[in-house]
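Written below as structure tokens is the structure these notes are about.
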Amino acid sequence: MCRSAYSAQSLPPLTKEEEYRYFADVQDLIALEKKKADLEVKLGRASSYQEWADHVGCSICRLYARIGKGRAAKRKMIAANLSMLSSIAKEFHGHGLSHQELCQEGARGLVKSTEKFDVSHKAKFSTYSYYWIRERMFAAVQKFQSILMDGRSLRRRVAFILSCKEEFHKIKGRNPSIDELSTISNIDIIKIRQTFFSVRSVRRPVESKYNDKHTGWEQIQGPESQSPWRGIWHNELKMELQVLFRTLSPRELQVLSLRYGLHGDEPLSLFQTAALLKLTHEAVRKSEKHAFDKVRKLATESGLQHYLCRISN
Numbered sequence: 001m002c003r004s005a006y007s008a009q010s011l012p013p014l015t016k017e018e019e020y021r022y023f024a025d026v027q028d029l030i031a032l033e034k035k036k037a038d039l040e041v042k043l044g045r046a047s048s049y050q051e052w053a054d055h056v057g058c059s060i061c062r063l064y065a066r067i068g069k070g071r072a073a074k075r076k077m078i079a080a081n082l083s084m085l086s087s088i089a090k091e092f093h094g095h096g097l098s099h100q101e102l103c104q105e106g107a108r109g110l111v112k113s114t115e116k117f118d119v120s121h122k123a124k125f126s127t128y129s130y131y132w133i134r135e136r137m138f139a140a141v142q143k144f145q146s147i148l149m150d151g152r153s154l155r156r157r158v159a160f161i162l163s164c165k166e167e168f169h170k171i172k173g174r175n176p177s178i179d180e181l182s183t184i185s186n187i188d189i190i191k192i193r194q195t196f197f198s199v200r201s202v203r204r205p206v207e208s209k210y211n212d213k214h215t216g217w218e219q220i221q222g223p224e225s226q227s228p229w230r231g232i233w234h235n236e237l238k239m240e241l242q243v244l245f246r247t248l249s250p251r252e253l254q255v256l257s258l259r260y261g262l263h264g265d266e267p268l269s270l271f272q273t274a275a276l277l278k279l280t281h282e283a284v285r286k287s288e289k290h291a292f293d294k295v296r297k298l299a300t301e302s303g304l305q306h307y308l309c310r311i312s313n
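Numbering-wise, the UniProt record's numbering puts 27 at position 27 of the sequence shown, and it's gapless, one number per residue.
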């Protein structure tokens, strides 16, 4: 698990002397790698270690030693600060990414900090790496939230266009043309086409069998095509609910899955779930309530409480 992987392996904090020594070794490694990159641009191909050593002006044995020393220094700098990952990750809990995913992103920031650290700034490496770890985690959360927001915006637009189409059908007894749909929805024709193209791409990226004459509007012309579009809509919602379920413990997730058939199975009664998990029915009831309290809170913050109620019903 993430907590043990990023905490138990940590070493004691670096001394000032170690920071200076490791900094010099890492900078030497960076300089070697830059010379290698310059050489390969000049050669127009990957260089051999012998060519690299000749370009640097040292023996190949000396090159190996310098590379090994630099990489070892990076590993020691990272190992001495691994314990920070778990504690910093806790600051970002509840924003969609799991603890392990946050630690993995933070680890990338920690690696980057070993390359950017400069002893002349008079800051401890632990202080400097804290900034890089936190920034990387924050960026990952921001990116994840941005993807969710894009999905929600698309889903709302599809829902609105479909409702306009259905209202037109009730009044006129037929489906609207794309021009009529644009008029009643007050959405530009190009935007409507882009919307349906985006949703079609999410649903079936392999639908390349349609030629350029198909705009995506043909996909919703008939009544039989309404279900697939609504299916996409609900599938996206279910994907977002998976994010909510990440906040649950394994037992809580198992209880909800069995009680409400979240994986398409027949929902089980309280007593059936208790028997299957070898728990008392009171333990199952409490676990279920605790799970729903956690999920409902995050669902409210994410605007998914209505769909969650439909799932639970």
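Where a beta carbon is used, it is the ideal one built from N, C-alpha and C, also for glycine. Treat the numbers as computed from the prediction; the structure is a model and nothing was measured.
For Glu17, the secondary structure class from DSSP, reduced to helix, strand or coil, is helix. With a cutoff of 8 Å on beta-carbon distance, Met77 and Gly106 are scored as not near each other. With a cutoff of 8 Å on beta-carbon distance, Thr15 and Lys74 are scored as not near each other.
For the pair Ile161 and Ser146, the CB atoms are not nearer than the 8 Å cut-off. Straight-line measurement puts the Cα of Arg66 at about 24 Å from the Cα of Ser126. Within the UniProt domain "RNA polymerase sigma-70 region 4" (246-297), the alpha helix (DSSP H) runs of at least 4 residues that lie entirely inside it are, in chain order, 250-260, 270-277.
One alpha carbon belongs to Pro13, the other to Glu19, and they sit about 10 Å apart.
The segment 242-262 makes contact with the segment 288-298, as at least three CB pairs between them are under 8 Å.
The three-state reading of DSSP puts Asp179 in helix, counting H, G and I together. Around Ala274, the same chain offers Thr280, His281, Ala283, Val284 as residues with beta carbons nearer than 8 Å, after the five sequence neighbours per side are excluded. Taking a C-beta distance under 8 Å as the contact criterion, Ser47 and Lys36 qualify as a contact pair.
Asp54 carries a helical assignment under DSSP once its states are collapsed to helix, strand and coil.
For Gly94, there is no enclosing alpha helix (DSSP H), as DSSP marks it with neither H nor E.
Setting aside the 5 residues that flank it on each side, Leu270 is surrounded in the same chain by His281, Val284, Arg285, each with a C-beta closer than 7 Å to its C-beta; the list follows chain order. By the 16-neighbour rule on beta-carbons within 10 angstroms, His121 is exposed.
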